[in-house]
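Line order of the protein sequences matches chains A and B. Per our numbering, residue 1 is the first one in the first sequence, and the count goes up by one each step. Per our numbering, residue 335 is the first one in the second sequence, and the count goes up by one each step.
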Amino acid sequence: MLDWDSSEMSFKASLSKLQCVIKTQVLVVALFICSVPTVIAESNVSKESRVLFVISKQAKIYTDLTALVQRNLHGQTGTIYQFVTDVEKNFVTRNLNFKPDFIVTVGAMASETVMKSKPQQPVLAVLITDSAFNLLSKKYYGSNMQAYAANVSAICLDQPFQRSIRLAKLILPEAKIAGVMTGPSSKKREDDFAQYVTDANMVPKMINIGLEDNPIHLLEPIIKRSDVFIPVPDNRRVNIATAKWILQLSYRYKVPVIAYSKTYLDAGALAAIYSSVENVAQQTAEFIDNEFLGDTGGSHTAAYFSISFNSSVASNLNIDLKSEQFYRAVLEAD
Amino acid sequence: MRDNRKPASIHARLLLTTLIPLTLLSLVLGWYIITSQRTVLLNNLQDTGRVAVHQMASNAEFALFSGNQAMLETLGYSVLDIPSVSGIIFHNELDKSTVRIGDVKLSTQLISGSFDSGLPFFIDHHWYFFAPITINDIPIMDYDEVGQPEAESLGWVIIELTDKILLQEQREAIFGALIVTTMSLLIAAWLSMRIGRSISRPVESLTETVELMEAGGLDSLAAENGPMEIRKLAYGINQLATSVRESNVHMQSEIARATVQLQITLIELEEAMEAQDQFLARMSHELRTPLTAVIGFSKLLATEEDPAKRQEHLRIIDSSSTMLLTMIDDILEFSKAHLGGFTLEKINFDMDQWFTDLVAIHRPRADEKNLSLTCNIADDVPRQLSGDPVRLAQIFSNLVSNAIKFTDSGFVSVDIKRQTSDGDHVVLDCAVTDSGKGIAADKIALLFDPFAQEDTSINRRFGGTGLGLSICKRLAQTMGGDVKIESEIGKGTVVSFTCRLFEVNTLSPLEDDQAVLAEQVLAGLSILLAEDNPFNQKLIVKLLRGYGADCLVANNGLEAIEIAGDLHVDVVLMDIHMPVVDGVTACETIMQQSGESPPIIGLTADITPMEQQRMLTAGAVSVQSKPVDEVSLVNSILSSLNDMNEISPNSGGGLLASVIPVEELKEALYENLDKLDLQLRSGENSSQRQIIHDLMGLCGLYGMTELREQVLEFRAAYGALDTEENIKKVQRIREHVEGYLVPDSC
C-alpha cells in the first residue's frame, strides 16, 4: 500500500510497504514490441528520437494511453520517434538495451521505479497525482526542484481547483456556501482555495481531515451547512477514508458533491471534473513534441479536462443540468 | 377343511383395496407436509435472523463509527418490529461499549467465542445471529494501482430471535397438515366408497335381477350401467332373459294351440262318438226293420195258405233281405275303407262292354219310375283301359242308384269324358245328372260324412245307410280323383267324379303269375333276399321262384340279420346299400352269428372294385353286379352251395326280361319320378335321396346306363340347383324313360 506522508516515519513505513508490494506483485512479462512506427513529419527529417514508455503494469488503461500518445504525436520538430513500451519491472534491462532518448513513466509505480534509478535521460511522469509526484521527488531527488533539475517532469492528474469551483457555480448558481475538504498534503493551500471560493461569490467552509481524525465528526457540520461540497484530492488514505462518509452525509443533507474522478462520481457525487486517459495522452504527446527537446523538468497541471454527471443523483437532488458540452465550453472559454 | 367364514363382499374388498393404499398415501403425505413445514419454518427463521443481522451490521456502520447511540437504538428498535426478534446487541470495538436493545437473555459470558463459526446459536429457546460490523471503503480513484484497503472492524451485532413464534407456527403447520391429512383420509374413504359402489352396485343390481329372473320375473331388466364389463354382462343377461321370455311365450303359444287342437279333436271325437252312436242306433233300427220284416213275413208265410199272399210275402222277404244285404255290404265296405283303404286291382277291360253291363243293371229300376236313363261316352275316351272295373262300377252304381232313388220324374244321365292324359295315364271325368228335388247347399258337405244323410227323414223314406257317398269318395280318391256335388233345389243334382286309369293300346299277354318257368335247379332251396327296393324285390323273387326257390324278403340289413338268425336259410342275397343297417354290416353280423352261417352273395350296382372288396372282406362268397345277370346269379347260388349243376344261357334264359313287364317297370320309374317331382315342388326334401337311390337301383337293375348316368348327374347337382331347374332335370329324365322304355325295347 502506498502511504505517502509528510512525516518521515510514516514515509519510511509506507516506502517499505511499497517495496514489498512491488516485489510480491505478479506481473506478466509481456514483451511486445509495437511496430516501430516511424512518424515522418517532413521530408527533410534529420534526427531520430527513441522514447521508452514504462508502464506500472500490463493493463488496458496503460496500453491505451501509450497508444493514444503515439497516435497524437505530430513530429513537429521533424523528429522520427521510435517507441518501446515495457513494464516497470524490466525497466533497467530495457533501458540498457534500447538506449532511449526519453523516458515516459505511466503510473505511480512506474514513476517510482524510474525515479529511483535516476536515469540520465529526461523523464516525464504521467498518470500520477500531484501529491504522489511530490512525494517521489522528495524521496529520490530531495525536492521537487532537484527533480526538475534532473530533467524529471510530470503531468499531474489533479485538475486546477478553480475549475471545480467554476463548475460548481455553473451547476448551482444559487449556491452560497461551498464546503471544501483538504487533506494533509493540500492543507497548505487552504487559503488559496478559500480565495477561489470567495472569488466565485460563495462563502468558503474549509475543513481539513488528518489521518487520525474521525471524518464523520468533522465533515458532518460542514456538509450540513454547505450548498455544495468540494473535496480536494490529497493523500490516498484520506481520500478513501472520507469519500464514503462524504457521500453518505451529502445524501443525508441533500448537498451535492463535485468530485475529482469518474469513479468518485459513480460512487454518488453529482458531478466530476477530471483527467481522462485521452486528456492525459493528448497533453503528453504535446509535451513530447514541444518541450521534451531541451526542456528542463517541472510539474505541469492538467491542461485538458473531462466533465461527467450522475443523472440519478441530480434527479434525487432536483438539479437541472445542462449538457456537458455547455459546461465544457464555458470552462474552456474561461 | 371347509372354510366357514363368511366371504367378504365385493364392496368390502374394493373398499379395503382402495382405502389401505390411499390411507397410507395420506399418512405419508401428512408426515411429509409436517416435516417439510417444520424445516421451512426453521429455515425461514434462520434466514430472517441472518438477513436481519447482516442488514443491521451494514446499517449500523455509520452509527457505530460516529458513536451515535441514538441511531443505534433507532436501528435496534426497527428490528424489534420483526415478531420473532426479541433483542439486539451492538458492540463497538473502538470504545468497547455495548448497547442492548430489547429483552436480550444472552449473558456476556456466553458471547465470547460462541459465534466464531458464523452459524446461529440456540440457547434456551432463543436463536442468536452474529455479524461483524466493518468499514467497507468504496473505490473513488480512477487510476488506483494499489486496490482497496482491508475492511476495518468496528464491532459486532447480535440479534436474538425467540422460538415461541416458531413453535406457534410449527403447531399451526402441524394442525394444518393434520387437517390436510384428515381431509385426504376422508376424501380417500369417500373415493373408495364411490369406486366400490360404482363396481359393486351394478353387480348387486345384476344379482338382484338374476334372482328375480330365477323367481320367474323374466320381465325384469338388468340396468346397463357401471363399468363396461358389467354393462356387457347386463346386456347378456337381458338378452338371455329376452330369449327365455320369447321361448316361454312361444311355448305357451304352442301349448295353447295344442290345447285348442286337442279340444277341437276332443269335440270332433265326441261328435264322432255321437255320430257313431247315432249310426249304431240307426243301423240297429235299419237292420231290425228289414230283419223284422223277414222274420215276420217268414212266420206269416208258414201259416198263410193263400198263394197270392204267400207270393207277396215272399217278395217282401226277398226285398227286405236284399235291403239287409246291401246295408251289410255298405257297412263292410266302409269298414274296409276306414281300416286300410281299398286295394285296387289292375285289370284290363273294355270300356264299352263294361258300361253296357253297368247300365243294364240300373235300367229296370229307371224304367219302373218312368225315368229316362241316358248314357254318353265321349269319343276321345280310350276304350281299352286298365284299372279296377269292379270298384269303378261300384262308384257308378252308387251314384246312379241314388239318382234314380231321389228322382221322381225326369231323367238320369251318365256322362264319361276324357279330362286329361299323361302318357299311359288317362283321367276320366264322370258325371251322373238327375232332375230330382236337389240338395240344399248347406247339406252338400254333410253328405260325404260317414253315417250322415241330408236329414233323417231321407233315411226313413228311402232307406240306406248313408255310407254310399262316403265310400264313393274314398274309392275315387284311391283312383287318383275326387267326388264333387253340384245341386239346385227343385232342379236336380250333378254328382261328378274323376278317376285315373291306364290306357292300354295292346293288352299285355303276361300277367303276374304268367312267368315262364325254366329248369327247377333251385327247387327246395330257401333263399333270403335282402333288398330295400320293392321293385327289385319283386323282380328277383319272381326270377328265383321261376327256378323253383322259396324266397324270404328282408327290407333292410336289420331284418336280414333277424331272419337269418331265426329261420333256416340256404343262401342270402344281400344288397350292399340299404337303410337301417347296410349290407356290409349285415354280412359281418350274420357271419358272426352262432351256428353255420349261410353263404352270402352280395348285390351291388357299384362297379368299383373297392365296393366289391368290402363285401368280400365282410364274408360274402361272391358279389353280383347289377343289372342282375340271370344265368350268372343262378350259377353263383349253385356254386355257393357246392352244387355241380349249372344252367346255360340257352337253358331258360330271358326269364329276367319276362318276369317284369315294361309297363310295370315304367310305372315304378314314373312313381319314383312323380314322388320326386312332388317333393321338389312342395319343397320337402326328407326322402329325396332315398327316391334317387331307388331310381338308381332300378336303372342299375335293368342296365339302363344312360338313364343311370342322368340320375347320377342329377344326384350330384340337385342340391345346388333351384326348384325350377331340378324339376326340368326330372322332366328330362322322365322324357328319357318314355323314349327308352317302349314295350318292345326292354
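All residues carry an ideal CB built from backbone N, CA and C; glycine is no exception.
- Chain-ordered chain A contacts of B:P466 [CB-CB under 9 Å]: Contact note: B:P466 does not reach chain A at a C-beta cutoff of 9 Å; the least C-beta distance is about 17 Å.
- CB contact check: A:M115 to chain B, cutoff 7 Å: Output row for A:M115: interface = no.
- Query: What's the call for B:E563, buried or exposed, on a 16-neighbour Cβ count within 10 Å?
  - Reply: B:E563 should be labelled exposed.
- Task: Would you please state the rounded distance, in angstroms, between the beta carbons of B:I1026 and B:F1048? I believe it to be under 8 Å.
- Result: Confirmed, about 7 Å.
- Message: Rounding to the nearest angstrom, what Cα-Cα distance links B:N889 and B:Q586 in this structure?
- Response: Their Cα atoms are separated by approximately 42 Å.
- Item | Continuous alpha helix (DSSP H) stretch holding B:M944: start and end | Start and end: 943-952.
- Query: Which one or two residues does DSSP pair with B:S860 in a beta bridge?
  - Reply: Looking at the DSSP assignment, B:S860 forms a beta bridge with B:D884.
- Item | Own chain residues within Cβ distance below 6 Å of B:Q854, not counting five before or after | Closer than 6 Å at Cβ, skipping near neighbours: G882.
- Message: Looking only at its chain, what residues have a beta carbon closer than 7 Å to the beta carbon of A:A150, apart from the 5 residues adjacent to it on each side?
- Response: Result list for A:A150: K118, Y141, G297, in chain order.
- Message: Output needed for A:L218: all residues of its chain with C-beta closer than 7 Å, excluding positions within five of it in sequence on either side, in chain order.
- Response: The residues are I207, I209.
- Task: Using a Cβ cut-off of 8 Å, pull out every chain B residue sitting near A:K224, in sequence order please.
- Result: Those do not exist, as A:K224 stays about 13 Å from chain B at its closest Cβ, beyond 8 Å.
- For B:D909, which residues does DSSP report across the bridge? Beta-bridge pairing links B:D909 to B:L937.
- Query: In this structure, what does DSSP give as the bridge partners for A:Y81?
  - Reply: Paired residue(s): A:S49.
- According to a CB-to-CB cut-off of less than 7 Å, which residues of the stretch 469-496 of chain B neighbour chain A? Listed in sequence order: D471, I472, P473, I474, M475, D476, Y477, E479, V480, P483.
- Item | Any beta strand (DSSP E) of 3 or more consecutive residues that is wholly inside the stretch 82-128 of chain A | The stretch 82-128 of chain A contains these whole beta strand (DSSP E) runs: 102-106, 123-128.
- Query: How big is the Cα-Cα spacing for B:I589 and B:N582?
  - Reply: It is roughly 10 Å from the alpha-carbon of B:I589 to the alpha-carbon of B:N582.
- Mind checking which residues open and close the beta strand (DSSP E) that includes B:H388? Here B:H388 belongs to no beta strand (DSSP E); instead the alpha helix (DSSP H) covers 344-400.
- Item | Contact set between A:Y274 and chain B, taken where Cβ atoms lie within less than 7 Å | Correct list: D476.
- Beta-carbon proximity list for B:L886, same chain, < 8 Å, skipping 5 on both sides: Closer than 8 Å at Cβ, skipping near neighbours: S860, I861, L862, L863, I897, L901, V903.
- Item | Spatial neighbours of A:K176 in its chain, beta-carbon cut-off 8 Å, leaving aside the 5 residues before and after | Excluding sequence neighbours, A:K176 sits near M202, V203, D227.
- Boundaries (first-last residue) of the beta strand (DSSP E) holding A:I222: Note, A:I222: premise wrong, no beta strand (DSSP E); alpha helix (DSSP H) at 215-225.
- Query: In chain order, what residues of the same chain lie with their CB nearer than 8 Å to the CB of B:D783, ignoring the 5 residues before and after it?
  - Reply: Excluding the 5 residues flanking it on each side, B:D783 has same chain C-beta neighbours closer than 8 Å at A609, S804, in chain order.
- Taking only beta-carbon positions, decide if B:S370 is within less than 7 Å of chain A. By this cut-off, B:S370 is not an interface position.
- Going along the chain, which residues of its own chain have a beta-carbon closer than 6 Å to the beta-carbon of B:D758, five neighbours each way excluded? Contacts found: F836, E837.
- Write down the C-beta distance between B:L488 and B:N393 rounded to the nearest angstrom, noting that I regard them as a contact closer than 8 Å. Not a contact, Cβ separation roughly 12 Å.
- Task: Have a look at the DSSP bridge pairing and note the partners of B:C833.
- Result: Looking at the DSSP assignment, B:C833 forms a beta bridge with B:L762.
- Message: Check whether the stretch 232-240 of chain A and the stretch 180-191 of chain A touch, using three or more Cβ-Cβ pairs below 8 Å as the test.
- Response: Verdict: yes, contact present.
- Item | Residue-chain proximity (A:S261, chain B), Cβ-Cβ < 7 Å | Flagged as an interface residue toward chain B: A:S261, by a C-beta distance shorter than 7 Å.
- Query: Can you list the residues of chain A that B:S431 reaches, using a CB-CB cut of under 9 Å?
  - Reply: What B:S431 touches in chain A: nothing, since even the nearest Cβ is about 15 Å away.
- Message: Taking only three categories from DSSP, how would you classify B:N1019?
- Response: Coil at B:N1019, not helix or strand.
- By the criterion of Cβ-Cβ separation under 7 Å, what are the contact partners of A:M109 in chain B? Residues of chain B with a Cβ closer than 7 Å to the Cβ of A:M109 are, in chain order, E479.
- Message: Can you pull the chain A neighbours of B:S392, defined as C-beta to C-beta under 8 Å?
- Response: Result: empty, since nearest Cβ-Cβ is about 12 Å, beyond 8 Å.
- Measuring only between beta-carbons, confirm whether B:S400 sits less than 7 Å from chain A. Closer than 7 Å to some Cβ of chain A, the Cβ of B:S400 qualifies, so yes.
- Query: When DSSP labels each residue in this structure, what does B:I589 get in the three-state scheme?
  - Reply: The answer is helix: DSSP assigns B:I589 an H, G or I state.
- Message: Please list, in chain order, the chain B residues whose beta carbon lies closer than 7 Å to that of A:Q58.
- Response: Going along chain B, no residue has its Cβ under 7 Å from A:Q58, so there is no contact; the nearest lies around 12 Å.
- Query: Going by beta carbon distance, what residues of the same chain come within less than 6 Å of A:E112, once the five residues before and after it are set aside?
  - Reply: Result list for A:E112: L136, in chain order.
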